[in-house]
Structure formats: C-alpha cells, structure tokens
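Residue numbers (the numbering used here), protein chains in the order written: chain Y, 139 to 458; chain B, 6 to 111.
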C-alpha cells in the first residue's frame with residue numbers, strides 16, 4: 139500500500155478518535171446534563187462546571203458548536219440534532235498504526251489538566267518545555283509514514299540540497315541521512331529544545347552534511363538554492379500560511395520541488411476535534427485549507443505545477 | 006513505543022539509577038549480580054539494591070528500576086542477576102539523546 143494512503147487513513151482515524159475524546163471530556167465535565175434545552179449562555183455554562191480554567195471550557199463549547207454537536211443562536215447554546223456514525227471495516231482497521239493511540243491518550247490527559255490551568259506542569263505541548271514529549275510524538279506514527287511520503291515524492295537521494303522548515307528533532311536524522319554525504323540538509327525550527335535533541339542525534343550518527351538553524355521563518359529565511367523544500371505539519375502554526383509557502387518557493391531552484399504535508403481541513407471533516415487538543419501548543423493556529431493554498435498558488439507569479447497526492451499532500455514543482 | 010517523559014525526567018535526575026542503567030546497557034545482553042554492579046558503578050550494594058527493587062522508603066515500588074520494567078531479575082542456580090530489558094534499552098537510548106536537552110531546558 140502507498141504510504142500516502144496509510145497516512146490519510148491514519149489521519150482520518152485520529153480525527154475520529156479525537157472527536158470521541160472530545161465528547162468524553164464534555165461527559166467528564168457534565169456539560170451535556172447542564173444545558174437547558176431552551177438555551178444557556180456560554181458564560182453560564184462555563185460557570186456551572188467545577189473546573190478553574192473557564193476559558194478552556196468555553197473553547198470546548200465553541201468546538202462543539204463548530205462541529206455541530208451543539209448549536210448557538212442569539213448567544214445561547216442548545217443541544218442540536220447532531221448525529222454521527224462511524225463504520226469500522228477490517229480492511230480499514232488493518233491500515234491503522236497502534237502508536238498514536240497512546241499519544242492521543244496523553245493529549246486527553248493533558249487536556250484534563252488544562253481545565254485546571256493552561257500552564258499546568260503536566261502539559262508538555264510547548265515545543266521547548268516538552269521537547270522530549272514532542273520527540274516521542276515525532277517518532278510515533280503517523281510521522282514516520284509522513285517522512286516516507288516526503289522521501290518518496292521528493293525522491294531524496296545522495297547529492298540533493300534540501301531545506302526542511304519546522305524540522306523538529308527526528309527528520310534531520312531520518313531525512314538528512316538520505317541526501318548525504320554529498321548533499322546538504324538544512325533543518326530550520328524555532329524550538330531550541332527540539333534542535334538540541336536533533337543536533338545530539340545528528341552528531342552521534344556523523345551526519346556532517348546536516349545543518350540545523352534556530353530561525354523564526356516569519357522573520358528570516360535561509361539563502362536560496364535548494365532542490366527540495368519540506369513543510370510537513372508546519373503551516374498550522376502560522377496565521378498566514380501563504381506567506382510561509384511564498385518564502386519556501388523563493389528558496390527553490392528552478393526544477394526543484396516543495397512538499398506540503400498537512401491534514402487539510404476540507405479533507406478531514408472532524409479536524410476541529412484534533413485542533414482542540416493541538417491548541418495546548420501555544421503557537422498552534424489552525425490546520426490549513428487546501429483550497430485557499432491552491433487559490434494562492436494559482437495567483438502566484440511563479441511558473442508552477444501543483445499536484446494533490448491523496449488527501450494530505452501537495453507537491454509543487456517550480457519551473458521558473 | 007511511548008515512554009512517559011516524567012519517568013525519563015525522574016530517571017535523569019537520579020544519578021544512581023542512571024549509572025545503573027548505563028552500566029547494564031554497556032554489558033547488555035549479559036546480566037550481572039548485585040555486588041558486581043555496585044563495584045562497577047562505585048556505589049554501596051544496599052543503595053544499588055534499593056534503586057533496583059526498592060528498599061524501605063527509598064525507591065518505593067513505583068520508582069524502582071524493576072518496577073518500572075527497565076531491569077529484570079534473572080534467577081539462576083539460586084543466585085539473582087539483573088539485566089536490562091528491551092524497554093530499558095530504549096529508555097537508555099532516549100536518555101542519551103535527551104541529555105543535553107535536559108541539562109539546558111529542564
């Protein structure tokens with residue numbers, strides 16, 4: 139089976155499980171019992187819960203509204219006629235990796251702590267305070283499969299020059315190894331914690347063609363001249379993903395390719411559920427929309443070929 | 006396999022448990038016995054025993070290396086030997102990767 143099919147199947151299942159977790163959180167807080175069928179204000183509902191972080195409860199309620207579990211009219215929240223069914227087929231279940239189950243469990247636990255305080259010490263979603271958690275997450279599926287997708291579609295091989303935006307702690311070794319010893323891999327991230335782990339591993343493996351840079355790509359970019367640009371699970375951390383894509387295109391050589399891997403929001407209907415958990419990372423914004431990226435690329439002054447691969451990958455070739 | 010980062014952080018802060026893990030990793034897959042282990046890491050056998058299987062209030066059931074599943078007890082000819090588990094080996098690998106991060110950021 140193609141890795142992109144596996145990636146899509148797992149992302150889909152993750153959003154479904156995240157949805158169930160979201161409902162579980164509401165049940166734990168007793169939210170559904172507290173809602174008056176005639177309507178209750180967001181503020182009143184949040185005040186009815188016993189937890190201290192009322193803002194997080196409001197965020198949960200807004201997420202329910204955006205998923206259609208609850209409805210909001212004239213500032214009042216009411217139960218909706220929401221219905222949701224899931225089918226589990228043997229052939230689909232076989233595609234699912236076990237890794238992310240325990241990661242989602244951790245996110246659920248951290249979410250429970252977030253109802254106490256958004257800075258609770260058991261929440262490890264900050265890239266620097268929880269680099270060890272993030273590293274384990276990045277080593278777990280579906281991330282290794284996303285790296286397989288990247289290496290296959292960019293045809294990574296010895297001698298290529300690639301830049302990986304939001305490289306994290308694992309890709310510099312896994313993807314970096316593929317372009318050496320004659321190529322160059324530049325990993326860019328704004329988390330010094332993740333880069334420290336990546337640096338330790340790259341040094342241990344002797345990957346001296348791997349360079350790591352702590353850069354906020356909204357403010358600065360590496361110099362031009364790459365055969366490949368990687369943006370994997372990156373754009374959700376930016377308010378304006380188009381600006382980042384444009385910067386990526388500017389670093390490509392003619393003939394070079396840029397790959398974007400994301401659970402694009404139109405393609406994963408329950409993605410908002412996943413976002414509730416991902417918001418525990420302070421920089422998280424929202425998962426990008428593929429249609430808005432495609433519109434942006436159509437209007438781009440560059441001569442480009444854009445291919446959609448599965449539901450979570452865009453492959454862009456720059457001609458000039 | 007997901008490993009609780011709080012377990013890793015706690016191990017990282019405990020010099021004795023860390024030394025034991027590193028030594029058992031060095032001789033893996035061979036097991037060793039308590040007094041040899043204590044000699045190798047230059048520590049007292051009772052402290053080492055405490056770190057391995059728990060002793061009184063020190064390293065209670067939840068935090069001893071055997072309870073955490075990092076070290077296993079092998080019994081042979083009436084003697085007890087200690088060996089790193091597969092899981093323990095993964096934990097050591099992560100601890101090594103995280104060492105510079107832990108010393109700078111936690």
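Even glycine gets a Cβ: it sits at the ideal position worked out from N, Cα and C. Fair warning: this is a prediction, and the values are worked out from it, not measured in the lab.
So is residue 269 of chain Y in contact with chain B if we call contact Cβ pairs under 8 angstroms?
Residue mapping note: residue 269 of chain Y aligns to position 131 of the first chain, counting from 1. Contact with chain B is found for residue 269 of chain Y, since one of that chain's Cβ atoms lies less than 8 angstroms from the residue's Cβ.
Where does residue 366 of chain Y fall in DSSP's three states?
Stepping through the first chain from its first residue, residue 366 of chain Y is reached at position 228. It is a strand residue.
Residue 25 of chain B to residue 105 of chain B, Cα distance in whole Å?
Here residue 25 of chain B corresponds to residue number 20 of the second chain, with the count starting at 1. Here residue 105 of chain B corresponds to residue number 100 of the second chain, with the count starting at 1. The alpha-carbon separation between residue 25 of chain B and residue 105 of chain B amounts to approximately 19 angstroms.
Taking a Cβ distance cut-off of 8 angstroms, strictly less, list which residues of the segment 236 to 249 of chain Y are near chain B, in chain order.
If you check each beta-carbon in the segment 236 to 249 of chain Y against every beta-carbon of chain B, the ones closer than 8 angstroms belong to 237, 240, 241 and 244.
Check residue 309 of chain Y in the structure and name its three-state DSSP category.
Here residue 309 of chain Y is taken as the residue at index 171 of the first chain, counted from 1. Residue 309 of chain Y sits in a helix when the DSSP states are folded into three classes.
Is it buried or exposed, residue 392 of chain Y, if we count other Cβ atoms within 10 angstroms and call 16 or more buried?
For the purposes of this step, residue 392 of chain Y is taken as residue 254 along the first chain, with counting starting at 1. Answer is exposed; the Cβ neighbour count stays below 16.
Am I right that residue 442 of chain Y and residue 457 of chain Y are in contact with their C-beta atoms under 8 angstroms? What's the rounded C-beta distance?
Along the first chain, one-based indexing puts residue 442 of chain Y at 304. Along the first chain, one-based indexing puts residue 457 of chain Y at 319. At roughly 7 angstroms, the Cβ-Cβ gap stays under 8 angstroms, so residue 442 of chain Y and residue 457 of chain Y are in contact.
Members of the segment 315 to 346 of chain Y that neighbour chain B once the beta carbon cut-off is set at 9 angstroms:
Cβ contacts with chain B: 330, 331, 332, 334, 335, 337, 338, 339 and 342.
Mind reading off the beta-carbon distance from residue 148 of chain Y to residue 271 of chain Y? Whole number of angstroms is fine, and I expect it under 8 angstroms.
Working through the first chain from its first residue, we reach residue 148 of chain Y at position 10. Working through the first chain from its first residue, we reach residue 271 of chain Y at position 133. In fact, because the Cβ distance is near 19 angstroms, the residues do not count as touching under 8 angstroms.
Three Cβ pairs or more, each shorter than 8 angstroms: is that satisfied between the segment 334 to 345 of chain Y and the segment 89 to 106 of chain B?
Judged by Cβ distances under 8 angstroms, the segment 334 to 345 of chain Y makes contact with the segment 89 to 106 of chain B, as three or more pairs qualify.
Under 8 angstroms between C-beta atoms, does residue 396 of chain Y make it to chain B?
Against the first chain, residue 396 of chain Y aligns to sequence position 258. Not one chain B Cβ lies under 8 angstroms of residue 396 of chain Y.
Judging by CA-CA distance, which residue of Y:362, Y:372 and Y:363 is the nearest neighbour of residue 354 of chain Y?
In the first chain, the residue the question calls residue 354 of chain Y occupies position 216. Among Y:362, Y:372 and Y:363, the Cα nearest to that of residue 354 of chain Y is on Y:372.
Expected contact under 8 angstroms - CB spacing of residue 428 of chain Y and residue 404 of chain Y to nearest Å:
Translated into positions along the first chain, residue 428 of chain Y becomes position 290. Translated into positions along the first chain, residue 404 of chain Y becomes position 266. Indeed, because the Cβ distance is near 6 angstroms, the residues count as touching under 8 angstroms.
Comparing C-alpha positions only, which one of B:35, B:69 and B:79 sits nearest to residue 22 of chain B?
Position 17 of the second chain, counting from 1, holds the residue named residue 22 of chain B. Among B:35, B:69 and B:79, the Cα nearest to that of residue 22 of chain B is on B:69.
Considering only DSSP beta bridges, list what residue 23 of chain B is partnered with.
On the second chain, residue 23 of chain B is found 18 positions in, with the first residue counted as 1. Paired residues: none, contrary to the question.
Please report whether the beta-carbon of residue 110 of chain B lies at a distance below 8 angstroms from any beta-carbon of chain Y.
As a working note, residue 110 of chain B is residue 105 in the second chain. Judged by the 8 angstroms Cβ criterion, residue 110 of chain B is in contact with chain Y.
In three-state DSSP terms, what is residue 90 of chain B?
Sequence index remark: in the second chain, residue 90 of chain B carries index 85 (1-based). DSSP, reduced to helix, strand and coil, places residue 90 of chain B outside both helices and strands of the structure shown, so it counts as coil.
Unbroken alpha helix (DSSP H) run spanning residue 486 of chain Y, endpoints
Because chain Y here runs from 139 to 458, residue 486 of chain Y falls outside it and cannot be looked at.
Taking contact to mean at least 3 C-beta pairs separated by less than 8 angstroms, is the segment 199 to 206 of chain Y in contact with the segment 251 to 264 of chain Y?
A contact is defined here as three or more CB-CB pairs under 8 angstroms, and the segment 199 to 206 of chain Y fails this definition with respect to the segment 251 to 264 of chain Y.
Between residue 28 of chain B and the ligand MN, is the CB less than 7 angstroms from at least one heavy atom?
Summarising the ligand content, the structure contains no ligands, and the ligand MN is consequently not present.
For the segment 85 to 107 of chain B, enumerate the residues whose C-beta is nearer than 9 angstroms to any C-beta of chain Y, in chain order.
Listed by position, the residues of the segment 85 to 107 of chain B near chain Y (Cβ gap below 9 angstroms) are 99, 101, 102, 103, 104, 105, 106 and 107.
Strictly under 8 angstroms for the Cβ-Cβ distance: is residue 266 of chain Y near chain B by that measure?
For the purposes of this step, residue 266 of chain Y is taken as residue 128 along the first chain, with counting starting at 1. Chain B, which has a Cβ nearer than 8 angstroms to the Cβ of residue 266 of chain Y, makes this yes.
Give the secondary structure of residue 391 of chain Y by DSSP, where H, G and I count as helix, E and B as strand, and everything else as coil.
As a first step, residue 391 of chain Y must be located in the first chain, where it is residue number 253. Of the three classes helix, strand and coil, the one that applies to residue 391 of chain Y here is strand, per DSSP.
Comparing the C-beta of residue 255 of chain Y with each C-beta of chain B, is any distance below 8 angstroms?
Mapped onto the first chain, residue 255 of chain Y falls at position 117. For residue 255 of chain Y, the answer is no, since every Cβ of chain B falls outside 8 angstroms of its Cβ.
Nearest candidate by alpha-carbon position, reference residue 319 of chain Y, set Y:346, Y:342, Y:152 and Y:339:
Within the first chain, residue 319 of chain Y is the residue found at index 181, counting from 1. The candidate whose alpha carbon is nearest that of residue 319 of chain Y is Y:346.
How would you label residue 305 of chain Y, buried or exposed, when you count the other beta carbons within 10 angstroms and need 16 or more for buried?
Numbered from its first residue, the first chain carries residue 305 of chain Y at position 167. Flag for residue 305 of chain Y reads buried.
Is it right to say residue 17 of chain B is buried, meaning 16 or more other beta carbons lie within 10 angstroms of its own, or is it exposed?
Along the second chain, one-based indexing puts residue 17 of chain B at 12. Classification of residue 17 of chain B: buried, given that the 10 Å Cβ count is 16 or more.
Any 3 or more C-beta pairs closer than 8 angstroms across the segment 361 to 371 of chain Y and the segment 381 to 400 of chain Y
Yes, the segment 361 to 371 of chain Y is in contact with the segment 381 to 400 of chain Y.
When DSSP labels each residue in this structure, what does residue 214 of chain Y get in the three-state scheme?
By 1-based counting over the first chain, the position of residue 214 of chain Y is 76. Note: residue 214 of chain Y maps to strand in three-state DSSP.
Going straight from the alpha carbon of residue 193 of chain Y to that of residue 57 of chain B, what length do you get?
Taking the first residue of the first chain as 1, we reach residue 193 of chain Y at position 55. Taking the first residue of the second chain as 1, we reach residue 57 of chain B at position 52. So the two alpha carbons sit approximately 45 angstroms from each other.
Other residues of its chain near residue 275 of chain Y: CB distance less than 6 angstroms, five sequence neighbours each side excluded:
In the first chain, residue 275 of chain Y corresponds to position 137, counting from 1. Counting only Cβ-Cβ distances below 6 angstroms, and skipping sequence neighbours, we find 241.
Using C-beta distances below 7 angstroms, list every residue in its chain close to residue 138 of chain B, excluding the 5 sequence neighbours before and after it, in chain order.
With chain B covering 6 to 111 only, the question about residue 138 of chain B has no answer from this structure.
Taking the beta carbon of residue 224 of chain Y as the centre, do at least 16 other beta carbons fall within 10 Å, making it buried, or is it exposed?
Within the first chain, the letter at position 86 stands for residue 224 of chain Y. That one is exposed.
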